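Report on the following structure.
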Amino acid sequence: VAYFYEDHRRDTTDPKGCCIYEITSLPNPVILWFGLLCVPWVGVLAWRERNKGYALIVITYLLQWLPWFGSPRLTFAYHFYVNVPLICLCNAIILQRFLRWAQGRDRARWLGPAGVGAYVAVAALGFVYFYPVLSAHGLPWNAWHQRMWFPTWIIGPG
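For the sequence shown, the tail end lands on 248 under this note's numbering, and the numbers increase by one without skipping.
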């Protein structure tokens, strides 16, 4: 969903000369795509360990998401954003598990902090990369188009 979109490519009054300004509800793909692995994994952990906290997170995620799954109504990405905090919790649980696993291994002790640090760095870089289309910071058309990874992300003339 684009909350604001202006195309100034032909506008000579634009101080930058040829920019697109957009505020969109695009999430951080690094967080969401890692969550595709982490949410089911936390569900398995909840079942195997009988962990009620993990179960609550996954059940809440499913209760928010499943009603939209079969809905004939038009749905938008922002209907799903209620689940982003739950996805972040699942990501954090799995990262914590990975860190603990690595700490218990002499030869792989460095792997935990390196892996978690790499994930956090890539997620932060993802935020920095997408920030211009989240904040209406002017971008040349090519730079804007590079951030629209899928045709369904393109709002406007594309």
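A virtual CB, placed ideally from N, CA and C, is assigned to each residue, including glycine.
Note that the structure is a prediction, hence the values are computed from the model and not measured.
Segment contact: the segment 134-141 against the segment 170-177, fewer than three CB-CB distances shorter than 8 Å; contact not assigned. Sorting Leu164, Trp231, Ser161 and Leu176 by C-alpha distance to the C-alpha of Gly143 places Leu176 at the top. In this structure, the CA atom of Ser225 is about 20 Å from the CA atom of Thr242. Straight through space, the alpha carbons of Ser115 and Pro222 are spaced by roughly 12 Å. Here the C-alpha atom of Phe94 lies approximately 23 Å from the C-alpha atom of Leu122. Cβ atoms of Val210 and Phe188 stay farther apart than 8 Å, at about 12 Å. At a Cβ-Cβ threshold of 8 Å, Ala213 and Asn141 do not count as neighbours. In the three-state reduction of the DSSP assignment, Phe94 falls in the strand class.
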